[in-house]
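Numbering-wise (the working numbering), the sequence shown opens with residue 294 and increments by one.
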Amino acid sequence: MSNHYLTHCIHNFDDDLKEKIYNNLEHQNLYVLDLNCDNAIKILRQAHSKKMFIAPMKWLLLQDRRMIIDNANITFTYDNLEVFEDLAVYPDSDVVFARRFDGDFLQLTSVYRPSPQRAVIWENRGNWTIKNGLQMSTYDVASARRRNLQQSHFKSCLVMTNPDTINHLTDFKYNMIDPITKVNYIWILHLVNRMNATISFNVSNNWGHNNNGSWDGMIGMLQRHEIDIGGTSVYILANRMHMLEHIQLYTHSGLCFVFRQPLLSTVKNIFTLPFQRNVWIATGIFLVLVFCLLYISMKWEHYRGTLKQSAAYWNQSNISKPTIIDNLLVILGAFAQQGYSYEPYRIPSRIITLMLLLASLSLYAAYTANIVALLQTSTDSIKTLSDLLHSPLNLGVQEIIINRNYFKSFQDPIRKAIVEQKVEPKGHKPNWMSLEEGVRRVRNEPFAFHGIRSPIYQIMQRTYQEKEKCGLTEIDYLNQIHLVIPIAKKSPYLEIIKNGALKLREYGLKYRDEYRLYIKKPTCLSKTGFITIGFTECYFAIITMGYGALFSVIIFALELLWHKRQSMNTLEETVPTMVEERKSEIIDARECNKLDYCEKNMYSFGEI
Numbered sequence: 294m295s296n297h298y299l300t301h302c303i304h305n306f307d308d309d310l311k312e313k314i315y316n317n318l319e320h321q322n323l324y325v326l327d328l329n330c331d332n333a334i335k336i337l338r339q340a341h342s343k344k345m346f347i348a349p350m351k352w353l354l355l356q357d358r359r360m361i362i363d364n365a366n367i368t369f370t371y372d373n374l375e376v377f378e379d380l381a382v383y384p385d386s387d388v389v390f391a392r393r394f395d396g397d398f399l400q401l402t403s404v405y406r407p408s409p410q411r412a413v414i415w416e417n418r419g420n421w422t423i424k425n426g427l428q429m430s431t432y433d434v435a436s437a438r439r440r441n442l443q444q445s446h447f448k449s450c451l452v453m454t455n456p457d458t459i460n461h462l463t464d465f466k467y468n469m470i471d472p473i474t475k476v477n478y479i480w481i482l483h484l485v486n487r488m489n490a491t492i493s494f495n496v497s498n499n500w501g502h503n504n505n506g507s508w509d510g511m512i513g514m515l516q517r518h519e520i521d522i523g524g525t526s527v528y529i530l531a532n533r534m535h536m537l538e539h540i541q542l543y544t545h546s547g548l549c550f551v552f553r554q555p556l557l558s559t560v561k562n563i564f565t566l567p568f569q570r571n572v573w574i575a576t577g578i579f580l581v582l583v584f585c586l587l588y589i590s591m592k593w594e595h596y597r598g599t600l601k602q603s604a605a606y607w608n609q610s611n612i613s614k615p616t617i618i619d620n621l622l623v624i625l626g627a628f629a630q631q632g633y634s635y636e637p638y639r640i641p642s643r644i645i646t647l648m649l650l651l652a653s654l655s656l657y658a659a660y661t662a663n664i665v666a667l668l669q670t671s672t673d674s675i676k677t678l679s680d681l682l683h684s685p686l687n688l689g690v691q692e693i694i695i696n697r698n699y700f701k702s703f704q705d706p707i708r709k710a711i712v713e714q715k716v717e718p719k720g721h722k723p724n725w726m727s728l729e730e731g732v733r734r735v736r737n738e739p740f741a742f743h744g745i746r747s748p749i750y751q752i753m754q755r756t757y758q759e760k761e762k763c764g765l766t767e768i769d770y771l772n773q774i775h776l777v778i779p780i781a782k783k784s785p786y787l788e789i790i791k792n793g794a795l796k797l798r799e800y801g802l803k804y805r806d807e808y809r810l811y812i813k814k815p816t817c818l819s820k821t822g823f824i825t826i827g828f829t830e831c832y833f834a835i836i837t838m839g840y841g842a843l844f845s846v847i848i849f850a851l852e853l854l855w856h857k858r859q860s861m862n863t864l865e866e867t868v869p870t871m872v873e874e875r876k877s878e879i880i881d882a883r884e885c886n887k888l889d890y891c892e893k894n895m896y897s898f899g900e901i
């Protein structure tokens, strides 16, 4: 052993036996005991009291059954094999006898008990000789060889939130109530039947709470070894890893936030989405080009029109000289489908105007068609808990024990903010609610509901219209892997049950029961339908119109002020001239010989 660098320790006296596990993963822990020693039975009893026969510890018991001739005295080694009737050598133990009968021939035998209520079973494992080496009768592991537990009795516990669940564990009725408990109950029965065992169930209304290291509920029963295996799945949590083992029989219908992704129009400016950025740039370049060409053609048209006095019609419809604002209004009127006051007279202007109208018609048709499609399109902007926290969605949580236990146990900033700001906001009613209310609010308003997937989807399948099943999204809040079956620490049946769980998946029994009990996320079959357009969808249009109205009022006020100022400037310029003109016409009354003329013009002087 030293030459092969194996850690070992040799004792040749009866001392306090101590458990030492050097490598728990590779199961390289072997105890070798010579049964011919005087204290061998005492050492076996010490190993029993310290639970040293469980995996991963292995035992090799050596016994020499040959006749020993010493000084003409014939002595036989003793058996004392009845000692194993009281030892805890259960199906996970690996205790091998190597008994020498003749020469170098050693017979190998294993010993185990299916349960404390059953007798010892001896297994023939093979033999060993110097010439042939090790000859095994089977290479199957213990969990495959010892699957038959001879009707040994197991104890388990079911967690039920509704007492009536006990009456509907296998009839597939009321699947919205305790679906995890029902499917796990069926799986436990499959595992027990495969081991040829029996089982009885206790009932608890909670998984377990930690009270200063002592747990209640199902977890407490496993901690105190009152039951052998849990009947309802649990999450793997760090604070109970030291007292539980977990069977990887995953229950996929866990807890999560379920919501409908909001429409694009509620989170983005939908009026810029119909065209890509390159299309908008190309449209802008086109308008600038049309603006320049139209400006040149209108200038040329005005110039030619003023040269020919015979063009009376043109002079009547185009009185003033065209300006840049006129060009801008023509383009805006064409693109806004509102028309314009300008009427092209010559062929170049008509060609440019026609090109503008055709382009605006094509773009308008494509734009409105895309707007209608986008109004019914949901976004995928909410993907993480941070997105959910900062989204316009309100949050609600199903009123069940597991949610109450876990929601306030997280200390990271995002989850704490979700609880403090959206689940239990200060000054408002907490958003703990029933399953039916949560699903109804997801349908009727921007809302995310946290609960068990299967019951949520079952109500949605029954009450939602086809178009309302589109855009459903899940976000994991608890950040846990799927639920798993718990089992007591150092259980002698751990490997047998683990193999049975794998077989349930291979045979399809697991998926069969899940299919019958769980409802999957509804499939979106039809995205078409009538939609209601409200203030939310038209938010950016209303904002644009509001700012436009405000801007027009401001421009109107500025125009009034400008007009008043211009009027004042005109008055200041004209009044002195009028005064001078009036003064020259007035004749002094003292120099006037005609009284009637003086009286006639005194009124004008006074007015001035």
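Where is the CB? At the ideal position from N, CA and C, for every residue including glycine. Here the structure is a predicted model, which means the values were calculated and not measured.
Assignment of M429 by DSSP, reduced to helix, strand and coil, places it in the strand class.
Between A794 and L515, the gap from beta carbon to beta carbon reaches 8 Å or more. With a beta-carbon spacing of about 7 Å, Y324 and M350 fall inside the 8 Å limit used to define contacts.
In the three-state reduction of the DSSP assignment, A781 falls in the strand class, which pools E and B. When rounded, the separation of the alpha-carbon atoms in F390 and F377 is 12 Å. Under the three-state reduction of DSSP output, V413 falls in the coil class, being neither helix nor strand. Taking all protein chains shown into account, Y770 has 16 or more neighbouring C-beta atoms within 10 Å of its C-beta and is therefore buried. Under the three-pair Cβ rule at 8 Å, the segment 450-459 does not count as touching the segment 412-424.
Closest in C-alpha terms to Q321, from the list S436, Y298 and D397, comes Y298. Three or more beta-carbon pairs separated by less than 8 Å link the segment 722-734 to the segment 688-705, which places the two stretches in contact. Secondary structure of T565 (DSSP, three-state): helix.
Secondary structure note for S449: its beta strand (DSSP E) is the uninterrupted segment S445 to V452. DSSP places M345 outside any beta strand (DSSP E), giving it a letter other than H or E.
Note on geometry: alpha-carbon atoms of N737 and M753 lie some 12 Å from one another. DSSP places I423 in the coil class of the three-state scheme, outside both helix and strand. In the three-state reduction of the DSSP assignment, S526 falls in the coil class, being assigned neither a helical nor a strand state. Here the segment 738-749 makes no contact with the segment 502-517; the two share fewer than three CB pairs at distances below 8 Å. The closest CA to that of Q714, considering only V732, R533, L681 and I778, is found on L681. Taking a 10 Å sphere around the C-beta of G577, we find fewer than 16 other C-beta atoms and assign the residue as exposed. Taking the C-beta atoms as reference points, M591 is found nearer than 8 Å to N620. Nearest C-alpha to L656 among R359, L667 and F628: F628. Contact between L810 and F394 is ruled out by a C-beta separation of about 57 Å, above the 8 Å threshold. Secondary structure within the segment 757-818: the beta strand (DSSP E) runs of 3 or more consecutive residues, fully enclosed, are 765-768 and 776-781 (chain order).
Counting along the chain, Y324 sits inside the beta strand (DSSP E) bounded by residues N322 to D327.
Beta-bridge annotation (DSSP): L354 is paired with L326 and F390. When secondary structure is reduced to three states using DSSP, V434 falls in the coil class, being assigned neither helix nor strand. In this chain, the alpha helix (DSSP H) harbouring S679 covers L678 to L682. DSSP lists L765 as the beta-bridge partner residues of R553.
Beta-bridge partners assigned by DSSP to S408: none are found.
Residue range A490 to S497 is occupied by the beta strand (DSSP E) that includes T491. Going by beta carbons, G510 and H502 fall inside the 8 Å limit.
In the DSSP secondary-structure assignment, I540 is bridged to I778. Taking C-beta separations shorter than 7 Å and ignoring five residues to either side along the sequence, the partners of E761 in its chain run R736, following chain order. Distance from the CA of Q554 to the CA of Y543, rounded to the nearest whole angstrom, comes to 28 Å.
For H743, the beta-bridge partners assigned by DSSP are F550 and V690. One alpha carbon belongs to H461, the other to K475, and they sit about 8 Å apart.
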